[in-house]
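Quick notes on the structure that follows.
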Amino acid sequence: MALRALTNVKTLGRLRHQQIRGLQTFTLPDLSYDYGALEPAISGEIMQLHHQKHHQTYITNYNKALEQLDDAIAKGDASTAVKLQSAINFNGGGHVNHSIFWKNLAPTREGGGEPPHGSLGWAIDQHFGSMEKLVAKMNAEGAAVQGSGWVWLAVDKELKRLVVETTANQDPLVTKGASLVPLVGIDVWEHAYYLQYKNVRPDYLKNIWKVINWKYASEVYEKECP
Amino acid sequence: MSWSSSNYLCLSSSSSVTQFSRCKLPCESEGQRGKCQDLNRATNISAYNSLKPPSFKLDKGQRRNDHVLKKPRNISAYYSLKPPPYKFDALEPYMSKRTLEVHWGEHHRGYVESLNKYLGKDDILYGYTLDELIRVTYNNGNPLPEYNVAAQVWNHDFFWESMQPGGGNLPILGLLEQIEKDFGSFSNFREEFIETALTLFGSGWVWLVLKRNEKRLAIATTTNAVTPLVWDDIPLLSLDMWEHSYYLDYKNDKARYVNVFMDHLVSWNAALARMARAQSFVNLGEPKIPVA
Chain A
97 MALRALTNVK
107 TLGRLRHQQI
117 RGLQTFTLPD
127 LSYDYGALEP
137 AISGEIMQLH
147 HQKHHQTYIT
157 NYNKALEQLD
167 DAIAKGDAST
177 AVKLQSAINF
187 NGGGHVNHSI
197 FWKNLAPTRE
207 GGGEPPHGSL
217 GWAIDQHFGS
227 MEKLVAKMNA
237 EGAAVQGSGW
247 VWLAVDKELK
257 RLVVETTANQ
267 DPLVTKGASL
277 VPLVGIDVWE
287 HAYYLQYKNV
297 RPDYLKNIWK
307 VINWKYASEV
317 YEKECP
Chain B
156 MSWSSSNYLC
166 LSSSSSVTQF
176 SRCKLPCESE
186 GQRGKCQDLN
196 RATNISAYNS
206 LKPPSFKLDK
216 GQRRNDHVLK
226 KPRNISAYYS
236 LKPPPYKFDA
246 LEPYMSKRTL
256 EVHWGEHHRG
266 YVESLNKYLG
276 KDDILYGYTL
286 DELIRVTYNN
296 GNPLPEYNVA
306 AQVWNHDFFW
316 ESMQPGGGNL
326 PILGLLEQIE
336 KDFGSFSNFR
346 EEFIETALTL
356 FGSGWVWLVL
366 KRNEKRLAIA
376 TTTNAVTPLV
386 WDDIPLLSLD
396 MWEHSYYLDY
406 KNDKARYVNV
416 FMDHLVSWNA
426 ALARMARAQS
436 FVNLGEPKIP
446 VA
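Quick mapping for you: the protein sequence lines, in order, are chains A and B.
Residue numbers for the first sequence follow the numbering used here, so the first one is 97 and each next one is one higher.
Residue numbers for the second sequence follow the numbering used here, so the first one is 156 and each next one is one higher.
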């Protein structure tokens with residue numbers, strides 16, 4: 097069952113960063129499309145929950161952890177500061193990953209699903225053989241992720257190569273390689289597809305390609321590999 | 156020491172003529188003859204023994220080979236999908252029938268089928284009980300591909316039995332005493348359990364375990380498919396914190412799910428039974444020896 101957003105999503109959330117006691121807090125970034133705009137690949141209900149609940153929770157907890165870290169550092173409390181690292185890793189990673197994810201998606205009528213032309217398209221053909229092979233590879237790796245994680249198409253900015261990587265939980269992509277820059281990330285946590293696809297993750301992966309925003313990926317790629 | 160598996164190891168035979176030879180037990184293939192002491196392996200051997208030898212007369216010049224069955228037999232063993240000990244709608248409104256249908260019928264069933272497929276491919280893992288299979292495939296932290304499916308089959312069996320309709324409330328008798336001894340009070344335990352469940356990152360399980368070495372109860376978390384069996388601890392209760400377990404009912408509201416589990420679903424009877432059994436293996440407290 098899909099929920100159609102009645103209000104324009106752009107009115108929800110603000111993009112400015114707030115400064116409190118010199119500590120930067122983060123706010124939920126807007127989506128540039130309606131919740132229901134990605135149907136039938138991803139239902140509006142999932143998009144709304146994913147954005148307003150899950151991503152917001154990551155941001156809230158990230159801000160809280162940052163505040164606690166700030167306190168701990170100010171007091172010189174090393175053990176607390178170190179203990180908070182896993183919370184920062186997880187929640188901060190969640191915020192970073194999901195911010196990229198929203199930009200990776202676009203409704204079909206705004207170019208979602210349209211394969212990349214230009215240097216990224218050429219690089220994909222060169223490294224993987226064809227778009228279909230890349231999709232098959234990413235789907236296979238995404239389906240094989242145990243538990244929760246992400247599957248990424250990334251560019252290694254030192255080696256100027258495209259790679260497909262998976263990360264667990266909310267680990268940022270750089271944990272797999274310091275020079276990796278994410279181009280396309282697909283969330284394979286169950287919350288990203290469960291309401292619509294239940295446990296059939298391969299179907300979700302097959303359908304999400306119809307709404308992947310290759311324009312954004314091309315922009316990032318051209319910036320790293322001009 | 157292994158717990159008897161709560162899963163059914165089934166044997167089936169199909170009619171097709173085939174040369175039959177006994178599968179090599181893992182301890183034999185490592186050249187450790189004489190160290191094969193595990194009685195549990197008798198299950199599959201006795202299956203072979205119960206087959207009748209060929210009863211037809213041998214023709215002149217034919218040799219009887221006892222290890223070759225002329226009667227068509229193809230024995231294969233497989234794991235079955237065990238249903239939860241209650242009807243699917245028995246846990247309403249705390250865990251919906253739909254969740255059970257999908258969680259058991261698709262996730263759990265999928266794991267069982269994958270496990271059977273893996274075991275069908277290779278004889279090396281043949282002959283283990285599920286508990287042993289988990290320990291062996293965990294491979295001390297470098298899990299083999301069969302590990303995930305085997306462990307998830309076990310975990311889910313354990314999980315269904317850790318819940319009951321009309322569950323919740325307080326544990327009784329020895330379990331309550333032990334909880335109060337190890338956690339201070341039941342409400343301390345409950346708070347700690349809930350907090351542990353909510354601070355788990357990613358997919359995993361929360362367990363109430365009896366630690367074998369420390370001889371006390373503890374709350375443990377594991378990621379993905381790991382189970383306390385691999386550390387040789389004895390689990391008493393489990394809670395599935397994979398998102399598929401609560402998403403249909405509670406969406407992202409983990410706190411409500413965990414609270415509902417503690418208040419209405421957890422089966423203290425099952426935990427008590429498991430603990431009573433655990434005490435055959437772990438000494439909790441000193442025995443009272445009467446002075447004459």
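Just so you know, even glycine gets a beta-carbon here, dropped at the ideal spot from N, CA and C.
Cβ neighbour criterion (16 or more within 10 Å) applied to A:Ala170: Translated into positions along the first sequence, residue 170 of chain A becomes position 74. Its Cβ having fewer than 16 others within 10 Å, A:Ala170 is exposed.
Residues of its chain near B:Asp337, where Cβ-Cβ distance is below 6 Å and the 5 sequence neighbours each way are ignored: Residue 337 of chain B sits at position 182 when you count from the first residue of the second sequence. Taken in chain order, the residues that qualify are Arg371 and Leu372.
Straight-line Cα distance separating A:Thr153 from A:Gln164: Here residue 164 of chain A corresponds to residue number 68 of the first sequence, with the count starting at 1. Here residue 153 of chain A corresponds to residue number 57 of the first sequence, with the count starting at 1. If I take the Cα positions, the gap works out to 16 Å.
Cβ neighbour criterion (16 or more within 10 Å) applied to B:Gln307: Numbered from its first residue, the second sequence carries residue 307 of chain B at position 152. Result: buried.
Classification of B:Arg290 by the beta-carbon crowding that lies within 10 angstroms, buried from 16 upward: Along the second sequence, read from residue 1 onward, the residue named residue 290 of chain B stands at position 135. Buried is the call here.
Other residues of its chain near B:Trp423: CB distance less than 6 Å, five sequence neighbours each side excluded: What you label residue 423 of chain B is simply residue 268 of the second sequence in a count that begins at 1. Cβ within range, chain order: Pro326.
Residue closest to A:Tyr289, alpha-carbon to alpha-carbon, out of A:His147, A:Ser226, A:Trp218 and A:Asp221: The residue you call residue 289 of chain A lines up with position 193 of the first sequence. Comparing Cα positions, the closest option is A:His147.
Own chain residues within Cβ distance below 6 Å of A:Trp248, not counting five before or after: Start at 1 with the first residue of the first sequence, and residue 248 of chain A comes out as number 152. Excluding residues within five positions, the ones whose Cβ falls inside 6 Å are Glu261, Leu269, Pro278 and Gly281.
Contact set for A:Lys306: own chain, Cβ-Cβ below 8 Å, skip 5 residues either direction: The residue given as residue 306 of chain A occupies position 210 in the first sequence. Here the set comprises Ala137, Thr204, Gly208 and Gly209.
Alpha-carbon spacing of B:Tyr302 relative to B:Val446, whole angstroms: Along the second sequence, read from residue 1 onward, the residue named residue 302 of chain B stands at position 147. Along the second sequence, read from residue 1 onward, the residue named residue 446 of chain B stands at position 291. So the alpha carbons of these two residues sit roughly 50 Å apart.
Contact list for the stretch 392–412 of chain B against chain A, Cβ threshold 8 Å: Trp397, Glu398, His399, Tyr402, Leu403, Lys406 and Asn407
Contacts of B:His262 in chain A (Cβ-Cβ under 8 Å): Residue numbering aside, residue 262 of chain B sits at position 107 when the second sequence is read from its first letter. In chain order: Asn295.
Through-space distance from A:Asn309 to A:Leu145, alpha-carbon basis: Here the question's residue 145 of chain A lines up with position 49 in the first sequence. Here the question's residue 309 of chain A lines up with position 213 in the first sequence. When rounded, the distance between both Cα atoms is 21 Å.
A:Arg257, enclosing beta strand (DSSP E) - first and last residue: Counting from one through the first sequence, the residue named residue 257 of chain A turns up at place 161. Arg257 to Ala264 is the span of the beta strand (DSSP E), which, as asked, contains A:Arg257.
Spatial distance of A:Thr103 from B:Thr284 (CA atoms): One-based indexing of the first sequence puts residue 103 of chain A at position 7. One-based indexing of the second sequence puts residue 284 of chain B at position 129. Here the model assigns A:Thr103 a pLDDT of 40, short of 50, so the residue's position is not dependable, and the following value carries that caveat. Each residue's alpha carbon lies about 57 Å from the other.
Residue span of the beta strand (DSSP E) that contains B:Thr284, given as start and end: Within the second sequence, residue 284 of chain B is the residue found at index 129, counting from 1. Taken as a continuous stretch (DSSP letters only), B:Thr284 belongs to no beta strand (DSSP E), as it is neither H nor E.
Collapsed DSSP secondary structure at A:Gly207 in the structure displayed: By one-based count along the first sequence, residue 207 of chain A stands at place 111. Here A:Gly207 sits in coil by DSSP.
Near-chain B residues of the stretch 192–208 of chain A - C-beta to any C-beta below 8 Å: none
Sequence-distant residues of its chain with Cβ nearer than 6 Å to A:Tyr293 (five each side left out): Here residue 293 of chain A refers to the residue found at position 197 when the first sequence is read from its first residue. Excluding residues up to 5 positions away in sequence, Asp299 and Tyr300 lie with their Cβ nearer than 6 Å to the Cβ of A:Tyr293 in the same chain.
Any non-hydrogen atom of the ligand NAD within 6 Å of B:Lys366 CB: As far as ligands go, the structure on display features none, and thus does not contain the ligand NAD.
Cα-Cα separation, B:Val257 to A:Asn295: Here residue 257 of chain B corresponds to residue number 102 of the second sequence, with the count starting at 1. Here residue 295 of chain A corresponds to residue number 199 of the first sequence, with the count starting at 1. Approximately 8 Å between the Cα atoms of the pair.
Sufficient close CB pairs (3 or more, under 8 Å) joining the stretch 406–424 of chain B to the stretch 382–389 of chain B: Using a C-beta cut-off of 8 Å, the stretch 406–424 of chain B makes no contact with the stretch 382–389 of chain B, since fewer than three inter-stretch Cβ pairs fall below that distance.
Where the alpha helix (DSSP H) through B:Gln307 begins and ends: What you label residue 307 of chain B is simply residue 152 of the second sequence in a count that begins at 1. From DSSP, the alpha helix (DSSP H) with B:Gln307 extends over Pro300 to Glu316.
Those residues which DSSP pairs with A:Pro125 across a bridge: As a working note, residue 125 of chain A is residue 29 in the first sequence. According to DSSP, which records beta bridges pairwise, A:Pro125 is partnered with nothing at all.
Three-way DSSP call (helix, strand, coil) for A:Ile196 in this model: Here residue 196 of chain A refers to the residue found at position 100 when the first sequence is read from its first residue. Three-state DSSP puts A:Ile196 in a helix.
Beta-carbon spacing of A:Leu216, A:Ser314 below 7 Å: Position 120 of the first sequence, counted from the first residue, corresponds to residue 216 of chain A. Position 218 of the first sequence, counted from the first residue, corresponds to residue 314 of chain A. Yes, Cβ-Cβ distance for A:Leu216 and A:Ser314 is below 7 Å.
Residues bridged to A:Ile308 (per DSSP): Counting from one through the first sequence, the residue named residue 308 of chain A turns up at place 212. Paired residues: A:Leu201.
B:Pro390, buried or exposed, once every other Cβ within 10 Å from all chains shown has been counted against 16: What you label residue 390 of chain B is simply residue 235 of the second sequence in a count that begins at 1. Classification for B:Pro390: buried.
Cβ of A:Gly132 within 7 Å of any chain B Cβ: As a first step, residue 132 of chain A must be located in the first sequence, where it is residue number 36. Residue-level contact check: A:Gly132 does not touch chain B, since none of the beta carbons of chain B fall below 7 Å from its beta carbon.
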